[in-house]
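Read through the structure below, which is laid out as structure tokens, and then see the notes.
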Amino acid sequence: AHDVKTVGRLGGGDRDGKMSEIKKKIQSILPGGDWNPLYDTSHLPPESSDVVIVGGGVLGLSVAYWLKKLEKPRGAIRVLVVERDHTYSRASTVLSVGGIRQQFSVPENVQLSLFSIDFLRNINEYLAVADDPPLDIQFNPSGYLLLASEKGAAIMENNVKVQRQEGAKVCLMSPEQLRNKFPWINTEGVALASYGMEHEGWFDPWCLLQGLRRKVQSMGVLFCRGEVTRFMSSSNLMKTASGEEVNLKRIHEVHVKIDQSLEYQPVECAIVINAAGAWSGQVAELAGIGKGPPGTLQGTKLPVELRKRYVYLWHCPQGPGLETPFVIDPSGTYFRREGLGHNYLGGCSPTEEEEPDPGNLEVDHDFFQDRVWPPLAQRVPAFETLKVRSAWAGYYDYNTFDQNGVVGPHPLVINMYFATGFSGHGLQQAPAVGRAVAEMVLEGHFQTINLSSFLFSRFYSGEKVQEHNII
Amino acid sequence: MLKIIIPTAMLMPMTWLSKPNMIWINSTTYSLLISLISLPYLNQLGDNSLNLSLLFFSDSLSAPLLVLTTWLLPLMLMASQSHLSKETLARKKLYITMLIILQLLLIMTFTATELIMFYILFEATLIPTLIIITRWGNQTERLNAGLYFLFYTLMGSLPLLVALLYIQNTTGTLNFLIIQYWAKPISATWSNIFLWLACMMAFMVKMPLYGLHLWLPKAHVEAPIAGSMVLAAVLLKLGGYGMMRITILLNPMTNQMAYPFMMLSLWGMVMTSSICLRQTDLKSLIAYSSVSHMALVIVAVLIQTPWSYMGATALMIAHGLTSSALFCLANSNYERVHSRTMILARGLQTILPLMAAWWLLASLANLALPPTINLIGELFVVMASFSWSNMTIVLMGTNIIITALYTLYMLTTTQRGKYTHHIKNINPSFTRENALMALHLLPLLLLSLNPKIVLG
Chain A
23 AHDVKTVGRL GGGDRDGKMS EIKKKIQSIL PGGDWNPLYD TSHLPPESSD
73 VVIVGGGVLG LSVAYWLKKL EKPRGAIRVL VVERDHTYSR ASTVLSVGGI
123 RQQFSVPENV QLSLFSIDFL RNINEYLAVA DDPPLDIQFN PSGYLLLASE
173 KGAAIMENNV KVQRQEGAKV CLMSPEQLRN KFPWINTEGV ALASYGMEHE
223 GWFDPWCLLQ GLRRKVQSMG VLFCRGEVTR FMSSSNLMKT ASGEEVNLKR
273 IHEVHVKIDQ SLEYQPVECA IVINAAGAWS GQVAELAGIG KGPPGTLQGT
323 KLPVELRKRY VYLWHCPQGP GLETPFVIDP SGTYFRREGL GHNYLGGCSP
373 TEEEEPDPGN LEVDHDFFQD RVWPPLAQRV PAFETLKVRS AWAGYYDYNT
423 FDQNGVVGPH PLVINMYFAT GFSGHGLQQA PAVGRAVAEM VLEGHFQTIN
473 LSSFLFSRFY SGEKVQEHNI I
Chain B
14 MLKIIIPTAM LMPMTWLSKP NMIWINSTTY SLLISLISLP YLNQLGDNSL
64 NLSLLFFSDS LSAPLLVLTT WLLPLMLMAS QSHLSKETLA RKKLYITMLI
114 ILQLLLIMTF TATELIMFYI LFEATLIPTL IIITRWGNQT ERLNAGLYFL
164 FYTLMGSLPL LVALLYIQNT TGTLNFLIIQ YWAKPISATW SNIFLWLACM
214 MAFMVKMPLY GLHLWLPKAH VEAPIAGSMV LAAVLLKLGG YGMMRITILL
264 NPMTNQMAYP FMMLSLWGMV MTSSICLRQT DLKSLIAYSS VSHMALVIVA
314 VLIQTPWSYM GATALMIAHG LTSSALFCLA NSNYERVHSR TMILARGLQT
364 ILPLMAAWWL LASLANLALP PTINLIGELF VVMASFSWSN MTIVLMGTNI
414 IITALYTLYM LTTTQRGKYT HHIKNINPSF TRENALMALH LLPLLLLSLN
464 PKIVLG
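Listed in order, the protein sequences are those of chains A and B. Using our numbering, the first residue of the first sequence is number 23, and each one after it goes up by one. Using our numbering, the first residue of the second sequence is number 14, and each one after it goes up by one.
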């Protein structure tokens with residue numbers, strides 16, 4: 023019968039459809055209908071925001087948290103966090119092994135980790151949200167055990183001195199003491215070991231991320247699922263005190279492209295915070311950082327790039343027990359206990375030549391066989407018989423200059439602040455770094471921990487802040 | 014009056030026919046000339062009004078407001094140049110046309126003799142303002158703001174239409190000059206109570222009265238700079254002017270009926286000042302301070318003594334200039350930092366010292382520093398309300414203190430302290446901005462030398 027109808031109406035075939043459209047329109051205009059003269063923009067970010075944080079990982083959320091916590095009148099600053107991957111499938115935060123240590127050689131790093139562990143211990147005071155269950159960050163305070171060979175023993179002693187000065191509780195152990203405490207260790211080649219006795223261990227990064235996310239949303243920070251594609255900036259040619267001309271830029275608009283569509287929203291902003299992790303280098307290039315003759319401040323790029331690192335999970339029934347700390351071998355291999363069923367996580371940092379291709383997150387199992395297992399088996403004889411259960415890969419936001427973080431404003435792009443480049447220890451320092459960046463934005467200088475040696479300008483002046491003996 | 018109205022109306026074709034690089038220059042200079050034409054109206058005869066025609070008149074209450082309105086148009090045009098620079102030519106011309114239409118309607122409103130004509134023009138001013146707020150405002154909330162603005166005022170003023178028609182029927186005329194002498198005292202029957210309410214509510218909403226002030230912060234924050242300027246400086250005064258005119262008809266019932274509104278105003282004055290202390294958005298702070306100052310005007314008009322009327326007029330003019338100046342300052346901040354939050358742009362005194370001087374002057378005027386006319390207005394109102402009831406001095410005193418507190422808070426937060434890193438490269442003050450501020454503050458300071466012009 024339907025076919026007959028359409029065949030019968032040869033000229034005015036669409037009249038029925040038009041009538042129903044008109045009926046629908048009238049119905050929606052009448053009270054009770056949902057007519058909106060403008061198209062729906064609820065999926066777009068707001069048109070303006072005081073601070074735009076590019077990147078919603080643990081560093082970005084930490085900066086958002088401290089910005090909202092440290093602002094003097096409550097609710098003063100509007101913050102927008104732009105994260106393009108809302109499942110966090112490639113974010114470094116959740117793929118991290120989750121360790122936290124104070125055993126660094128740079129004093130600022132020790133201070134950062136000390137504050138962070140204090141934050142994690144009291145996480146339910148910092149991140150409490152009304153009517154929500156408390157967070158269980160599953161912190162295992164098992165400590166870090168760094169082993170040093172003959173060559174590195176003197177450096178390790180120096181480092182421990184620095185750490186003790188800052189207030190970390192680290193003890194030095196001789197091979198004899200090592201064998202006493204950890205009988206499963208083979209101390210061949212080990213001259214000295216430093217063992218963190220308190221405030222070191224590992225925790226669940228996903229829990230920290232969700233806790234921060236929840237708290238930050240309750241404080242009024244807006245989230246947007248999109249990608250930053252463009253920065254609109256205005257520049258001023260100014261003269262420095264010494265007479266040379268610099269081109270100072272200020273970003274006044276951020277174009278946020280919505281996921282899986284061509285729509286973008288220009289967000290007017292006063293401050294941009296680059297916490298994009300491994301992709302910070304690309305975001306910095308969008309802002310025009312590094313576009314200039316090399317060797318000048320204009321031409322200094324942000325030296326943060328993606329580096330792929332593998333993490334393997336294996337099972338070894340005869341392996342070390344509950345007291346196992348996070349062990350770092352002088353060869354660079356590391357492992358830690360995972361859970362209570364004789365499972366262990368571990369990996370190794372490849373050398374410069376064997377850097378894997380960071381295009382994807384595929385795991386190379388041969389890397390385990392060739393580079394990770396032999397030193398492991400040599401250090402812990404029980405690991406001769408192990409069975410790899412699973413493995414994954416994650417990105418380091420690797421700072422090719424000195425493998426330490428970049429914090430603070432850019433000297434030329436005046437309103438872009440960095441919180442990135444921590445090359446593998448970003449998660450453990452995130453709470454403290456967030457606070458430092460928030461202080462920089464709100465007060466203009468670092469108040470609690472002085473991170474002036476981590477500013478961007480060190481890339482131009484060449485002063486490396488390098489760790490001795492890091493992974 | 015035609016010598017002001019016709020040139021203002023002709024500004025429109027002039028805008029549309031100007032060359033693209035001359036639109037701002039043409040409109041600004043000719044509107045300045047028109048404001049000069051309106052100055053002679055300040056030369057008022059003693060007690061009576063200058064009756065210019067059957068339709069228009071000006072007396073010592075409406076003349077200062079007229080001059081304020083015509084003075085404000087060139088200032089609005091100067092202030093809008095920067096944020097309209099990226100629009101197409103037709104849009105720019107449309108914006109200027111909106112402002113000119115608004116100016117025209119306001120001039121006619123302030124000088125109308127027939128109360129019905131006043132009402133029609135009073136409502137008509139809503140339309141260009143609504144267009145300016147919703148089309149050229151900054152954020153998506155501007156639609157909401159426009160809605161609030163439009164419907165609050167409309168709801169309040171529809172009863173006024175009914176009341177005016179009723180008065181026309183009973184007294185036979187609504188010509189203001191005649192009604193002054195014809196007004197009989199009305200008794201306190203129920204229908205007269207409603208008549209009183211109907212007459213006053215429109216102006217209460219416009220002032221705004223504390224309980225009906227929700228549209229003001231929204232409209233001010235979302236409007237572009239010219240919209241904020243004209244809203245703060247002139248449109249609020251429409252309410253005050255209307256109230257002063259219409260209370261002549263409503264004696265002596267005002268003595269009883271005014272109590273709830275007096276209470277709301279007195280309390281609202283202190284409340285909105287206190288809200289200012291907690292504001293983080295600069296424009297929002299200035300908007301709430303407008304509510305606070307206008308509450309003083311409401312109190313003054315409801316008391317109905319000669320001194321309070323003088324204080325109300327002086328306060329209206331003073332607040333018009335000061336508030337507009339503060340909005341211009343806030344806008345110059347916003348154009349540089351792209352954020353209205355106060356704490357993100359601090360320490361501007363070291364970076365823009367001349368602008369800091371204007372900030373200081375405008376803030377001092379806002380907190381009623383002697384010898385500005387702000388102080389004269391406030392002082393007269395305080396004295397009048399003290400003689401009305403001794404207890405009001407407590408609230409008035411509290412308000413003066415809190416006004417000083419939040420004004421200085423605004424000044425020190427934006428100007429003093431160490432500047433933040435991210436405002437290092439803001440553009441220095443443009444001559445246009447300095448001229449704008451000077452043209453706002455110079456009349457204010459000059460009036461302190463001869464305040465009797467504005468003391469109606």
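Note that beta-carbon positions come from the ideal geometry of N, C-alpha and C, so glycine has one too.
Taken atom to atom, the span from the alpha-carbon of residue 151 of chain B to that of residue 236 of chain B is near 7 Å. Annotation for residue 190 of chain A: no beta strand (DSSP E) segment contains it, and DSSP assigns it neither H nor E.
Across the stretch 351-369 of chain B, CB contacts with chain A closer than 7 Å involve 351, 352, 354, 356 and 357, in sequence order along the chain. Judged by beta-carbon spacing, residue 189 of chain B lies beyond the 8 Å limit of residue 124 of chain B, meaning their Cβ atoms are not closer than that value. No Cβ-Cβ contact shorter than 8 Å links residue 38 of chain B with residue 16 of chain B. Using a C-beta cut-off of 8 Å, the stretch 462-480 of chain A makes no contact with the stretch 148-167 of chain A, since fewer than three inter-stretch Cβ pairs fall below that distance. In chain order, 81, 84, 134, 427, 429 and 441 place their CB closer than 7 Å to the CB of residue 455 of chain A, counting only its own chain and leaving out the 5 sequence neighbours on each side. Annotated as proximal: residue 311 of chain B and residue 220 of chain B, with beta-carbon spacing under 8 Å. From the beta-carbon of residue 72 of chain A, the residues of chain B found nearer than 7 Å are 352, 354 and 357. Burial check for residue 406 of chain B: the Cβ neighbour count within 10 Å stays below 16, so the residue is exposed. Among the residues of the stretch 282-310 of chain B, those with a Cβ less than 7 Å away from any Cβ of chain A are 291 and 293, in the order of the chain.
Residue contact check for residue 221 of chain A against chain B: no CB pair falls below 8 Å. Inter-residue distance for residue 287 of chain B and residue 97 of chain A is about 17 Å (C-alpha atoms, whole angstroms). Going by C-alpha positions, residue 459 of chain A is about 18 Å away from residue 139 of chain A. Counting C-beta pairs closer than 8 Å gives fewer than three between the stretch 164-178 of chain A and the stretch 139-156 of chain A, which falls short of the contact rule. Residue 138 of chain B places its beta carbon 8 Å or farther from that of residue 68 of chain B. Here DSSP, grouped into helix, strand and coil, assigns residue 293 of chain A to strand.
Closest by C-alpha distance to residue 190 of chain A, out of A:206, A:216, A:202 and A:200, is A:216. Note that the C-beta distance between residue 297 of chain A and residue 324 of chain A is not below 8 Å. Under the DSSP assignment, residue 34 of chain B falls outside any beta strand (DSSP E); it carries neither an H nor an E label.
Among the residues of chain A, those whose CB is under 8 Å from the CB of residue 437 of chain B are 270 and 436, following chain order. Here residue 256 of chain A is bridged, per DSSP, to A:272.
DSSP places residue 338 of chain A in the coil class of the three-state scheme, outside both helix and strand. Taking residue 352 of chain B as reference, the option from B:201, B:57, B:435 and B:130 with the minimal CA-CA separation is B:435. Per DSSP, reduced to three states, the secondary structure at residue 332 of chain B is helical.
Inter-residue distance for residue 257 of chain B and residue 319 of chain B is about 11 Å (C-alpha atoms, whole angstroms). Using a Cβ distance threshold of 8 Å, residue 323 of chain B and residue 393 of chain B count as a contacting pair. Listed along chain A are 465, 466 and 467, each with a C-beta nearer than 9 Å to that of residue 431 of chain B. With a threshold of 16 other beta carbon atoms within 10 Å, residue 289 of chain B meets it and is buried.
Near chain A, meaning a CB-to-CB distance below 7 Å, no residue of the stretch 60-75 of chain B qualifies. In this structure, DSSP gives residue 446 of chain B a helical state, which the three-state scheme calls helix.
For the pair residue 391 of chain B and residue 378 of chain B, the CB atoms are not nearer than the 8 Å cut-off. In this structure, residue 224 of chain A and residue 121 of chain A form a Cβ contact; the two beta carbons are roughly 4 Å apart against a cut-off of 8 Å.
Between residue 97 of chain B and residue 68 of chain A, the alpha-carbon positions lie close to 21 Å from each other.
Taking a C-beta distance under 8 Å as the contact criterion, residue 73 of chain A and residue 291 of chain A qualify as a contact pair. Counting along the chain, residue 463 of chain A sits inside the alpha helix (DSSP H) bounded by residues 448-464.
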